[in-house]
Each structure stands twice: as C-alpha cells, then as structure tokens.
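Per UniProt numbering, numbering of the sequence shown is gapless, rising by one per residue and ending at 518. Glycine residues also receive a C-beta, built at the ideal position from the N, C-alpha and C atoms. The model shown is predicted, which means the values in this text are computed figures rather than measured ones.
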Amino acid sequence: MASSDSDSQLKIVHGDAGYILEDVPHFTDYILNLPTYPNPLRSNPAYSVVKQYFVHMDDTVPQKVVVHKDGPRGVHFRRAGPRQKVYFRSDDVHACIVTCGGLCPGLNTVIREIVCGLSYMYGVNKVLGIDGGYRGFYSKNTITLTPKVVNDIHKRGGTILGTSRGGHDTSKIVDSIQDRGINQVYIIGGDGTQRGATVIYEEVRRRGLKVAIAGIPKTIDNDIPVIDKSFGFDTAVEEAQRAINAAHVEAESIENGIGVVKLMGRYSGFIAMYATLASRDVDCCLIPESPFYLEGKGGLFEFIEKRLKENGHMVIVIAEGAGQDLLTESMQDMDQKDASGNKLLQDVGLWISHKIKDHFARKDKIAINLKYIDPTYMIRAIPSNASDNVYCTLLAQSAVHGAMAGYTGFTSGLVNGRHTYIPFNRIIERQNKVVITDRMWARLLSSTNQPSFLSPKDLDEAKKAEQPPSQFLEGSSCNDIGEAEKKENTFSQLLEGDNFKDQQQFENHADNGIETIN
C-alpha cells in the first residue's frame with residue numbers, strides 16, 4: 001500500500017557510538033513482495049577482473065571525516081555502487097532523462113554516461129530524452145537515446161535535450177511517466193530541480209508506482225549542500241582564468257589600469273573565490289557572503305587607491321550576487337524572479353565599474369583606465385574539462401546502479417571523496433555558501449592581501465550566522481545538553497582561532513586577512 005506521508009523519504013538508522021545513517025527510500029518501503037534478479041554485471045566482461053565489484057549492503061560513508069577520539073561517529077550516507085540483486089529485468093526497463101535549469105559544463109557527459117551505463121552495464125535499450133525540461137513531459141516530443149546517438153555529445157557544450165526553468169506540474173508529469181510506461185527517471189538539475197524531483201517522487205510513491213526517481217545535482221555555482229562539489233565547477237574555475245588573465249593584461253598594459261571581472265555566483269561565491277586563488281593576479285575578490293562598502297576609511301575605494309599607488313594597476317573579481325544591497329540603495333529595487341524562483345539580479349559588475357569611474361573622476365590626482373569583462377555565458381556554454389568528465393561519468397553510473405538496485409528518491413553525489421546516495425531532503429534543505437569565518441576565505445584574503453571590508457559588528461554577525469555545523473551536535477548522542485554545548489564550544493574555538501589572548505586580537509587578525517590557524 002502506498003504511503004501519503006510527505007516525510008516518507010526520511011529513513012534514519014541509529015547505530016553504536018553515535019552512528020546515524022540517513023538512508024534513501026527503496027521500493028520495498030512501499031511495495032510488497034517485489035521479485036529480485038541477479039545483477040547482469042556478474043557476467044559483464046568489464047567487471048570480470050574486479051576483485052569486489054558489488055557494494056556491501058552495510059557500506060556507508062561519513063559526512064564528516066574530522067572527528068575527536070571521544071566524539072560520536074556522526075551522520076553517514078549509503079555508499080553508491082552496484083548491488084548483487086537488482087529489481088528490474090533489463091528488458092523491462094524504460095528509462096528517461098531530463099535536464100532542467102541553466103546550462104552547465106558536463107550536462108551532455110552525464111546524459112551520455114547514463115545512456116551508455118544502462119546499455120553497456122545492464123543491457124537496457126529503451127531510454128528516452130525529455131525535450132525542454134519539466135514541461136517536456138507533457139508538452140513536447142521525446143528523443144530516443146542510444147549509445148550511438150550520444151556517442152560524441154560530451155565534446156559539445158549545453159544539453160542535447162534542451163532545458164527550461166519552471167514548467168513543473170506534478171500531476172501532468174507523473175501522468176506522463178505512467179502513460180509512457182517509464183520506470184526510471186533521471187533528473188539533472190540544481191536545488192530547484194531537485195525540489196521538483198522530490199515532489200515527483202512523493203506522488204509516484206503515493207500512487208504506489210514502481211518508478212525509480214534519481215537525481216544528479218547540477219549547479220555551476222557549487223551551492224548544493226552535503227556534496228564535495230558539483231559537476232562543471234572545476235571547468236568554470238578553469239575557464240574563468242582566461243577572463244581574469246585578459247583583465248590583468250589590459251590593466252597591466254596601461255597606467256592606473258583596472259580590470260573588473262564578473263563571475264557567476266548568485267548566492268555563493270565559490271567560483272570567484274577559487275578562480276581568485278588559482279589566478280594569483282587578482283587584487284580584490286568580492287562575494288555575496290562578505291559585505292563590503294565603497295566610501296570612507298577601510299572601504300573599497302580607499303583600497304583601490306592604495307593598490308594603484310603601489311602597483312600601478314589592479315584586478316577586481318566580483319561574483320554576480322555580491323553587493324546587491326548596495327545596488328538597491330542607489331537604484332530602484334527590482335523584486336522580480338525568474339521561472340525557477342531565483343531573484344533577478346542587477347548587473348553588479350557594470351554598476352561597480354561606473355561607481356569606480358565616477359569616484360576617480362572626482363579626484364584630479366588619479367586618472368584611471370577601467371576595462372569590464374563579463375564571461376558568464378561563455379563559461380556556462382563550454383564542454384566540461386577532463387576532471388569534470390570523469391566526475392560526470394561516476395555520478396551517472398552511480399545513479400544507474402542505484403535505480404537498478406531499487407533505490408529511489410535519492411541524489412547521487414560525492415561525499416568526502418566517495419560516491420553516495422543522498423536523500424532529496426538533505427540536498428534541498430539549504431544552500432551551500434562560503435563561510436567567511438572559515439580558513440578558506442582567510443587563505444584568499446592572505447593571498448590577495450585585501451582587507452576583509454568587515455566591521456567588528458559584521459564579523460560578529462558572520463560568526464553567529466555562518467558558523468559551520470558542529471561535528472558534535474549533528475547527530476550527537478551526548479548524555480546531556482551541557483556536554484554537547486561544551487563540545488560545541490571546543491570545536492568552535494578550534495575553528496575561530498581562540499588560541500589568541502583575547503577575541504579582539506583575533507578580530508584584528510581576521511580584519512587584516514592574516515591566516516593564523518595552521
């Protein structure tokens with residue numbers, strides 16, 4: 001009998017020493033007496049030389065690897081990979097693939113490897129591509145996908161299936177899945193898409209259908225939580241180097257040259273941060289998570305003047321979501337959203353370029369030459385690099401193994417270097433953001449030697465709002481609240497640098513961008 005509980009996908013298993021498994025749903029949770037079949041990989045020549053190619057049913061992966069000797073083992077996820085028994089006969093599988101949201105390097109690679117994985121590993125020959133995102137389930141034609149059709153699509157950017165934002169109508173989508181006889185659905189998209197996948201899974205379960213819903217997380221901004229990184233991110237960081245290098249060449253070639261590069265990052269500044277660290281030519285990096293101001297002592301304009309006097313040129317990298325609060329102060333607030341529910345941002349790169357020009361135009365002493373580069377759509381549209389191609393392959397194959405094994409309502413993702421199956425609710429619960437009180441941001445500040453632009457009040461608020469979840473409190477089995485709080489304070493001290501004599505000394509170091517924690 002199907003369950004109608006909206007939280008039906010939450011499966012928590014407790015073990016010894018504070019062990020917690022956040023498991024993913026399985027067909028057997030809501031369909032009784034399902035037959036199983038031997039995994040076709042038993043006779044697959046590619047796997048015949050592998051010593052142990054089936055994943056043990058008890059294999060799990062810890063979410064956190066940094067622990068204390070007396071701390072709980074913490075949260076784990078089910079390890080991805082092939083199982084000895086599968087819940088589909090190869091000839092019975094009718095799979096479909098859909099891509100939703102914005103473009104990202106690696107989309108075609110994931111499509112290719114799902115098709116080839118189903119065909120070469122499991123002998124599946126019925127795979128459809130849904131044209132144009134979620135609305136393609138009920139308003140467009142499908143595309144028959146075979147290994148021959150997808151053979152070289154990984155060499156091209158974009159998605160051969162087309163994509164769109166919005167268009168999610170749960171009843172129509174599940175009706176289409178049911179009418180077409182589809183029993184495996186592979187959904188490639190970001191957090192909004194995965195929310196849609198969650199609703200589709202719940203409706204499929206409510207109807208008692210034997211349909212596996214598998215997600216592959218896609219976001220070029222790297223803002224999906226839990227997983228180590230999202231596919232396409234490495235490619236984006238690598239491609240951003242070309243824009244940063246061009247800005248540096250332009251700035252360096254003329255007196256008081258300033259190069260401004262706007263990179264993707266609506267809510268999370270990971271691309272800007274990693275591109276800056278990789279480049280070493282950037283003088284200032286601005287991201288959504290770290291507030292900044294323009295005028296006055298310690299502001300951006302003062303820093304630009306200082307750097308121009310020192311070097312005669314500078315490069316600024318700014319994420320698209322940075323400084324939006326400053327834009328709304330000087331421009332009419334446009335509280336509009338796209339079809340995915342994302343707020344439409346104003347062009348902060350163009351705005352800050354004009355602000356810099358206006359500021360120095362009022363100063364007779366310094367004449368600047370500013371060049372603004374926006375490579376956003378050039379980066380989104382390129383094929384994935386070698387590293388992302390490998391990652392896309394493993395994500396796709398993991399999703400295929402999971403669906404064949406009867407798992408559903410899950411996202412395939414890398415956690416601490418191991419491929420896992422993660423419940424949808426963990427993927428959509430929040431956005432992954434740069435923690436500006438963490439070491440990585442301090443490393444960037446020390447690399448660029450820029451100020452943090454944070455007032456003491458901003459720093460205190462950042463510590464309270466963005467402190468990473470504690471290893472001890474997440475899934476803790478402490479005997480009492482006092483013990484948990486004590487461990488939380490200890491862990492926070494290790495992160496926040498309480499080896500200083502007083503907190504003010506640490507804040508001074510943080511403001512100066514000095515990395516003091518080994």
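Within 10 angstroms of its Cβ, does M57 collect 16 or more other Cβ (buried), or is it exposed?
exposed
**Request:** Helix, strand or coil for N245, going by three-state DSSP, please let me know.
**Result:** helix
Report task. Might you give, ordered along the chain, the residues of its own chain that have their beta carbon closer than 6 Å to the beta carbon of G189, omitting 5 neighbours on each side? Result -> C100, G101, K218
Problem - Inter-residue spacing [alpha-carbon to alpha-carbon] between F303 and K229 - result: 32 Å
query = Who pairs with I200 in a beta bridge, going by DSSP?
reply = I200 is not bridged to any residue.
Below 8 Å, how does it come out for the region 321-329 and the region 276-295: are there three or more Cβ pairs, yes or no? yes
I need the straight-line Cα distance from Q431 to S43, nearest angstrom please.
42 Å
Short Cβ contact (8 Å threshold) for H76 with Y19:
yes
For I114, write down the residues that DSSP places opposite it in a beta bridge.
-> I114 is not bridged to any residue.
- Query: Is the region 103-111 touching the region 147-162, taking contact as three or more C-beta pairs under 8 Å?
  - Reply: yes
Between I368 and D347, what straight-line distance do the alpha-carbon atoms span, to the nearest angstrom? 21 Å
field: Chain-order list of residues whose beta-carbon lies under 8 Å from that of M440 (same chain, five-residue window excluded)
entry: M273, V434
- Item | Host beta strand (DSSP E) of M314 (start-end) | 313-319
**Report entry** DSSP state of N518 mapped onto helix, strand, coil
**Finding:** At N518 the pLDDT is 34, less than 50, meaning the model places this residue with poor confidence and gives no usable figure here.
Practice item. From the DSSP output, read off the bridge partner residues of H419. Key: L414
TODO: With a threshold of 16 other CB atoms inside 10 Å of the CB of P38, please say whether the residue is buried or exposed.
DONE: exposed
Subject >> Endpoints, the beta strand (DSSP E) within which I130 is located >> reply: 127-130
Can you give the Cα-Cα distance for L34 and G269, rounded to whole angstroms? 46 Å
H154 by DSSP, collapsed to three states: which one?
-> helix
field: Unbroken beta strand (DSSP E) run spanning I12, endpoints
entry: 11-14
Spatially closest choice to S279 from E238, G298, K262, by CA coordinates: E238
Q.
Would you call the region 196-215 in contact with the region 160-177, where contact means no fewer than 3 C-beta pairs closer than 8 Å?
A. yes
Please specify which runs of the beta strand (DSSP E), each continuous and at least 3 residues long, are wholly inside the region 44-112, giving them in chain order. 60-62, 74-79, 95-99
TODO: Could you pull the start and end residues of the beta strand (DSSP E) that A214 belongs to?
DONE: 212-217
* Contact between the region 371-383 and the region 183-200: three or more CB pairs below 8 Å? -> no
If you compare alpha carbons, which of G158, A403, G123 is closest to F27?
A403
* **Segment contact, 8 Å Cβ cut-off, at least three pairs: the region 83-91 with the region 134-149** => no
Range covered by the alpha helix (DSSP H) that runs through Q450
It is not in any alpha helix (DSSP H) - Q450 carries neither H nor E in the DSSP assignment.
query: Which two residues bound the contiguous beta strand (DSSP E) that contains K371?
result: 369-373
- At which residues does the alpha helix (DSSP H) containing L394 begin and terminate? 386-404
- Task: Please state whether DSSP places T193 in a helix, a strand or coil.
- Result: helix
Go to G349, then tell me how far its alpha helix (DSSP H) extends in each direction, as first and last residue. 348-361
Inset, instruction - Identify whether Y267 lies in helix, strand or coil by the three-state DSSP scheme. - result: coil
- Do Y391 and R78 have their C-beta atoms within less than 8 Å of each other? no
* Hey, P25 and T408 are a contact pair by Cβ (cut 8 Å); roughly how many whole angstroms apart? -> 5 Å
**Message:** Considering only heavy atoms of the ligand GTP, does any lie closer than 7 Å to the CB of C284?
**Reply:** With respect to the ligand GTP, the structure shown offers nothing to examine, as it has no ligands at all.
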